[in-house]
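The next block holds one structure in the form of structure tokens; read it before the comments.
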Amino acid sequence: MPLIFKYPKVVNNDSRAPPVVRGAEHFTLLRLPTELVSLVLTYMDWQDFLHCTETCTCLRDLIRHSSLLTYRLELARQHLVPIDQGPSGPTSRTLRHRLRTLSNSWMTKTFKPLPTIDIPNAGFVYEFMGGVYANGRGEHAPPVSGPITFYRLPSEEGEEVISWTHISPLGEGMAYLDFCIDPYQDLFVLVCFASEGSLCRYDVHIKTLTTNEPHPEAFSPLLQCLEKIDTDIPDDGFPRIKIQILDDLIGVLAKDVNDRGCGRLYIWNWKLPAFETPIILDPLYSSIDDFCFLSHQAFLTVSQEGYISVYTVSSDPYADPAISPTLPTTPTRRATFALPELHGECFYWDISLNCNPVPGHIPRPRTNPPAAARPSEPSPSPSTSTSGNLDHEIPMNADSQIPPEKRLPNLPPFYIRPDDRTLLISLAVFDVQGQMNSSFLFAVHIRIFLDAAQRVFEIPSEPCISSCSNSDPSKCLCSGDGVGVGTGAYLPAPHHPWSSWGPRNTRVLDYDQPVDWLHAVYGNKIIDRSPAGPPEAGQYQLRVREFGPAPFGWPGFYSHTRLKFAKVTNIDGVEVDEQEDGEVDEYAQQRHDMNLESTPSVMSAGEVFKESITSCLPYYTRLLNGTVQAIDVMMDDCRVVLLNRNEDGALTGMDVGLF
Numbered sequence: 001m002p003l004i005f006k007y008p009k010v011v012n013n014d015s016r017a018p019p020v021v022r023g024a025e026h027f028t029l030l031r032l033p034t035e036l037v038s039l040v041l042t043y044m045d046w047q048d049f050l051h052c053t054e055t056c057t058c059l060r061d062l063i064r065h066s067s068l069l070t071y072r073l074e075l076a077r078q079h080l081v082p083i084d085q086g087p088s089g090p091t092s093r094t095l096r097h098r099l100r101t102l103s104n105s106w107m108t109k110t111f112k113p114l115p116t117i118d119i120p121n122a123g124f125v126y127e128f129m130g131g132v133y134a135n136g137r138g139e140h141a142p143p144v145s146g147p148i149t150f151y152r153l154p155s156e157e158g159e160e161v162i163s164w165t166h167i168s169p170l171g172e173g174m175a176y177l178d179f180c181i182d183p184y185q186d187l188f189v190l191v192c193f194a195s196e197g198s199l200c201r202y203d204v205h206i207k208t209l210t211t212n213e214p215h216p217e218a219f220s221p222l223l224q225c226l227e228k229i230d231t232d233i234p235d236d237g238f239p240r241i242k243i244q245i246l247d248d249l250i251g252v253l254a255k256d257v258n259d260r261g262c263g264r265l266y267i268w269n270w271k272l273p274a275f276e277t278p279i280i281l282d283p284l285y286s287s288i289d290d291f292c293f294l295s296h297q298a299f300l301t302v303s304q305e306g307y308i309s310v311y312t313v314s315s316d317p318y319a320d321p322a323i324s325p326t327l328p329t330t331p332t333r334r335a336t337f338a339l340p341e342l343h344g345e346c347f348y349w350d351i352s353l354n355c356n357p358v359p360g361h362i363p364r365p366r367t368n369p370p371a372a373a374r375p376s377e378p379s380p381s382p383s384t385s386t387s388g389n390l391d392h393e394i395p396m397n398a399d400s401q402i403p404p405e406k407r408l409p410n411l412p413p414f415y416i417r418p419d420d421r422t423l424l425i426s427l428a429v430f431d432v433q434g435q436m437n438s439s440f441l442f443a444v445h446i447r448i449f450l451d452a453a454q455r456v457f458e459i460p461s462e463p464c465i466s467s468c469s470n471s472d473p474s475k476c477l478c479s480g481d482g483v484g485v486g487t488g489a490y491l492p493a494p495h496h497p498w499s500s501w502g503p504r505n506t507r508v509l510d511y512d513q514p515v516d517w518l519h520a521v522y523g524n525k526i527i528d529r530s531p532a533g534p535p536e537a538g539q540y541q542l543r544v545r546e547f548g549p550a551p552f553g554w555p556g557f558y559s560h561t562r563l564k565f566a567k568v569t570n571i572d573g574v575e576v577d578e579q580e581d582g583e584v585d586e587y588a589q590q591r592h593d594m595n596l597e598s599t600p601s602v603m604s605a606g607e608v609f610k611e612s613i614t615s616c617l618p619y620y621t622r623l624l625n626g627t628v629q630a631i632d633v634m635m636d637d638c639r640v641v642l643l644n645r646n647e648d649g650a651l652t653g654m655d656v657g658l659f
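Anchor point for the sequence shown: position 393 equals 393 in full-length UniProt numbering, and the numbering is continuous, going up by one each time.
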């Protein structure tokens with residue numbers, strides 16, 4: 001006899017009253033209090049969530065009347081995941097209102113300008129992450145030994161800029177090459193030249209962002225990388241360093257200053273002693289021009305030969321992919337993707353992979369207070385770190401007594417899905433015959449590379465990439481049956497020519513002037529400048545382009561589920577949501593009232609490529625209201641940062657706009 005499941009009937013004469021369930025005694029789940037049912041449903045994948053609304057009228061009504069569940073659906077539609085705020089965090093209704101306010105500001109193309117922040121004597125080495133902008137003071141390109149000043153930017157109106165300075169980050173007279181920060185972990189990583197007697201070329205220092213002390217969670221405050229090719233050759237070349245932080249992983253791509261073709265990628269778990277020996281990708285088998293994490297178990301590299309490679313680093317094929325590897329292991333190459341083939345005497349001379357935030361990253365609550373130093377370590381000295389007025393040349397906006405924990409940003413209530421990022425590939429091509437440089441910019445969603453990390457890759461027949469169906473990062477990447485698991489890093493892996501993957505999954509972007517693409521992309525949004533008049537006027541509008549498997553959510557998302565979120569009743573311990581009928585429908589329509597670019601674009605081959613370049617990745621574009629004169633522009637989830645420069649190109653200050 002076939003199994004027949006009968007759904008209980010719902011009686012609800014008052015749209016503001018909780019649903020009354022008849023026949024719930026036959027439905028085990030609905031015997032529970034509605035508060036518990038709501039919590040149970042929050043653990044479901046959003047697609048299963050929607051299936052409940054289509055197959056069970058009782059669950060549909062329950063979801064409709066729950067602020068918590070409608071908030072979760074709203075997050076899913078915008079490709080976001082919730083961040084646990086603890087028992088004292090804001091209510092679901094408050095979070096839902098904050099999410100809508102932020103989204104409406106983006107959709108209405110309006111940001112609120114704040115007073116200009118002066119940055120005197122700014123240098124060339126800087127970083128922007130988690131709402132904190134850091135600038136290393138110095139007149140020349142790295143290495144530099146000047147102070148590093150940090151600015152915690154406001155996240156809402158009324159907040160003040162908090163700034164502090166590390167005068168000598170590595171000690172008196174010691175210069176650094178580059179640095180990277182993660183404010184959510186109070187983490188500050190610097191790379192410098194090693195001492196003369198060292199067998200390695202570079203030192204990697206792991207410190208706290210707030211106090212410049214050795215980080216209390218680091219198994220070692222000092223790491224080393226890149227053995228010297230010839231210890232008798234002085235370090236007088238220009239180094240190529242890239243640092244990337246993904247939670248408990250630190251990746252450093254280091255190239256020898258005296259051999260630009262030599263470089264190695266080092267990956268450490270900076271919290272575990274078992275990881276003192278790093279994962280190393282050796283250049284004897286693959287030249288590396290840049291790299292980017294894909295997840296805690298996978299990363300990308302790109303070579304000057306024009307190939308993007310996908311590697312995994314799991315020492316256990318069945319390990320939980322949400323946990324970083326705990327044992328050193330040789331990376332396994334899973335697939336390669338070719339970039340467009342060049343014509344004649346042209347060659348790639350600089351390729352960069354730009355993705356922000358780092359794929360796989362989700363902020364987590366800090367386990368230790370930022371100011372807590374180990375008892376065996378001295379307190380921060382005024383000679384190495386200070387807040388408030390350092391001198392007349394570096395004016396500060398923060399009080400000198402502000403404790404270190406106040407310098408770090410608050411944990412955001414929601415964040416971009418860890419598997420939902422747009423990767424910007426910046427290509428520089430040199431034509432030997434014509435002695436000309438050309439630059440190109442390609443956008444691609446990282447899902448295609450994550451698929452390659454999961455299993456033997458099969459190129460989809462459809463132009464669009466389907467989004468990962470899981471919002472839980474632990475479900476977004478499994479080991480699968482990849483090529484060469486446990487057999488070495490350089491066995492043959494599936495190779496995909498440009499024609500088989502590029503046109504369907506990329507988009508060639510035009511731009512007015514090159515910008516810092518790493519900080520001009522955030523999630524699936526990309527911001528740059530578009531001329532608002534004649535060039536001599538120097539006026540620009542800010543242009544935002546949004547990519548992804550389904551830009552701006554899913555058309556007909558709410559109409560498909562037949563949910564009308566109006567006058568939500570408090571049945572799950574959350575305040576009543578006072579929304580009027582039709583507001584959500586207008587909001588959904590507003591998200592699609594943008595310029596959709598879905599037709600393929602074709603770029604002529606010219607004298608650079610062998611064939612014309614066709615690209616089809618869809619995106620929405622819009623121009624923000626107003627004009628600006630800034631040279632550089634950066635962006636994160638709720639801010640636009642405009643960098644102002646003088647006639648000599650030196651940075652003088654920045655303007656912050658809040659959404």
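Glycine included, C-beta positions come from ideal geometry on N, C-alpha and C.
Treat the numbers as computed from the prediction; the structure is a model and nothing was measured.
Can V310 and R334 be called in contact, C-beta distance under 8 Å? If you number the sequence shown from 1, residue 310 lands on position 310. If you number the sequence shown from 1, residue 334 lands on position 334. A contact, by the Cβ cut-off of 8 Å.
Do you know how far the Cα of V515 is from the Cα of S439? Position 439 of the sequence shown, counting from 1, holds the residue named residue 439. Position 515 of the sequence shown, counting from 1, holds the residue named residue 515. Approximately 12 Å between the Cα atoms of the pair.
Alpha carbon to alpha carbon, how far is V640 from L658? Give it in angstroms, no decimals. As a first step, residue 658 must be located in the sequence shown, where it is residue number 658. As a first step, residue 640 must be located in the sequence shown, where it is residue number 640. Between L658 and V640, the C-alpha separation is close to 7 Å.
Do you know offhand how far H343's Cα is from N410's? By 1-based counting over the sequence shown, the position of residue 343 is 343. By 1-based counting over the sequence shown, the position of residue 410 is 410. Their Cα atoms are separated by approximately 50 Å.
Who are the Cβ neighbours of F124 in its own chain at under 6 Å, not counting the five residues just before and after it? The residue labelled residue 124 in the question sits at position 124 within the sequence shown. The residues are A141.
Between F179 and the rest of its own chain, which residues show a CB-CB distance below 8 Å, the 5 nearest in sequence each way excluded? In the sequence shown, counting from the first residue as 1, residue 179 sits at position 179. Here the set comprises V125, E127, A134, G136, I148, P169, F188, V189, L190, V191, I243.
For the candidate residues T506, A428, Y348, whose alpha-carbon lies nearest to that of T422? To locate residue 422, count along the sequence shown from 1; it is residue 422. Considering only alpha carbons, the answer is T506.
From which residue to which residue does the beta strand (DSSP E) around G502 run? By 1-based counting over the sequence shown, the position of residue 502 is 502. No beta strand (DSSP E) contains G502, which is instead part of the alpha helix (DSSP H) from 498 to 505.
As assigned by DSSP and simplified to three states, the class of T42: Here residue 42 refers to the residue found at position 42 when the sequence shown is read from its first residue. In this structure, T42 counts as helix in the three-state DSSP scheme.
Mark R447 as exposed unless 16 or more other C-beta atoms lie within 10 angstroms of its C-beta, in which case mark it buried. Taking the first residue of the sequence shown as 1, we reach residue 447 at position 447. Per the 10 Å Cβ criterion, buried.
Which residue from V204, L246, L450 puts its Cα closest to that of L226? By 1-based counting over the sequence shown, the position of residue 226 is 226. L226 has its Cα closest to that of V204, out of V204, L246, L450.
If contacts are defined as beta-carbon pairs under 8 Å, then P143 and Y176 qualify, I think. What distance do you get, rounded to the angstrom? Position 143 of the sequence shown, counted from the first residue, corresponds to residue 143. Position 176 of the sequence shown, counted from the first residue, corresponds to residue 176. That pair is a contact at about 6 Å.
Where the beta strand (DSSP E) containing Q454 begins and where it ends: Residue numbering aside, residue 454 sits at position 454 when the sequence shown is read from its first letter. Not the beta strand (DSSP E): Q454 falls in the alpha helix (DSSP H), residues 447 to 454.
Buried or exposed: where does T332 fall if 16 or more other Cβ atoms within 10 Å of its Cβ makes it buried? Walking along the sequence shown from the start, residue 332 turns up at place 332. Buried, by the Cβ-count rule.
Applying the 10 Å Cβ sphere with the 16-neighbour rule, what's the burial state of N356? Counting from 1 along the sequence shown, the entry for residue 356 is found at position 356. When all chains shown are included, N356 counts as buried.
When DSSP labels each residue in this structure, what does E74 get in the three-state scheme? The residue given as residue 74 occupies position 74 in the sequence shown. Three-state DSSP puts E74 in a helix.
If you reduce the DSSP assignment to three classes, tell me which class W268 lands in. Position 268 of the sequence shown, counting from 1, holds the residue named residue 268. Here W268 sits in strand by DSSP.
Could you give the residue range of the beta strand (DSSP E) that holds N354? Walking along the sequence shown from the start, residue 354 turns up at place 354. Note, N354: beta strand (DSSP E), 346 to 354.
With 16 as the cutoff for other CB atoms within 10 Å, does Y43 come out buried or exposed? Position 43 of the sequence shown, counting from 1, holds the residue named residue 43. Under this definition Y43 is an exposed residue.
According to DSSP, simplified to helix, strand and coil, what is I63? Counting from 1 along the sequence shown, the entry for residue 63 is found at position 63. DSSP places I63 in helix when its eight states are reduced to three.
Considering T301, what are the terminal residues of the beta strand (DSSP E) in which it resides? Position 301 of the sequence shown holds residue 301. Its beta strand (DSSP E) spans residues 298 to 302.
Among Q185, L102, T116, S145, the one whose alpha carbon lies nearest that of G130: Taking the sequence shown and counting its residues from 1, the one referred to as residue 130 is at position 130. The residue with the shortest Cα to Cα distance from G130 is Q185.
Mapping the DSSP letters down to three states, classify E227 as helix, strand or coil. On the sequence shown, position 227 is the one that residue 227 refers to. Strand.
I'd like the span of the alpha helix (DSSP H) that includes M107, first residue to last. Locating residue 107 in the sequence shown gives position 107, counting from the first residue. It spans 92 to 107 - the alpha helix (DSSP H) in which M107 sits, taken as one unbroken run.
Given a cut-off of 8 Å, decide if N595 and Y620 are closer than it, judged by their beta-carbon atoms. Position 620 of the sequence shown, counted from the first residue, corresponds to residue 620. Position 595 of the sequence shown, counted from the first residue, corresponds to residue 595. Going by C-beta atoms, Y620 is nearer than 8 Å to N595.
Could you pull out every unbroken beta strand (DSSP E) segment of at least 3 residues lying fully inside the region 169 to 254, listed in chain order? 178 to 182, 187 to 193, 200 to 208, 222 to 227, 240 to 246
Length-filtered (4 minimum) alpha helix (DSSP H) runs lying within the region 507 to 543: 517 to 520
Could you give the first and the last residue of the continuous beta strand (DSSP E) run that contains L623? Residue 623 sits at position 623 when you count from the first residue of the sequence shown. Taken as a continuous stretch (DSSP letters only), the beta strand (DSSP E) holding L623 covers 619 to 623.
Alpha carbon to alpha carbon, what distance is there between S145 and I167? Looking up residue 167 in the sequence shown gives position 167. Looking up residue 145 in the sequence shown gives position 145. Computed Cα separation, rounded: 9 Å.
Could you give the residue range of the beta strand (DSSP E) that holds T127? In the sequence shown, the residue the question calls residue 127 occupies position 127. Reading off the sequence shown, one finds Glu at residue 127, where the question assumed Thr. Taken as a continuous stretch (DSSP letters only), the beta strand (DSSP E) holding E127 covers 125 to 129.
Looking only at its chain, what residues have a beta carbon closer than 7 Å to the beta carbon of E345, apart from the 5 residues adjacent to it on each side? Taking the sequence shown and counting its residues from 1, one reaches residue 345 at position 345. Answer for E345: D431, V432, Q433, listed in chain order.
Identify which residue in L95, H79, G158, L102 has its Cα closest to the Cα of P115. Start at 1 with the first residue of the sequence shown, and residue 115 comes out as number 115. Per the Cα distances, G158.
Quick check on K610: does DSSP put it in helix, strand or coil? As a position in the sequence shown, residue 610 is number 610, starting the count at 1. Coil.
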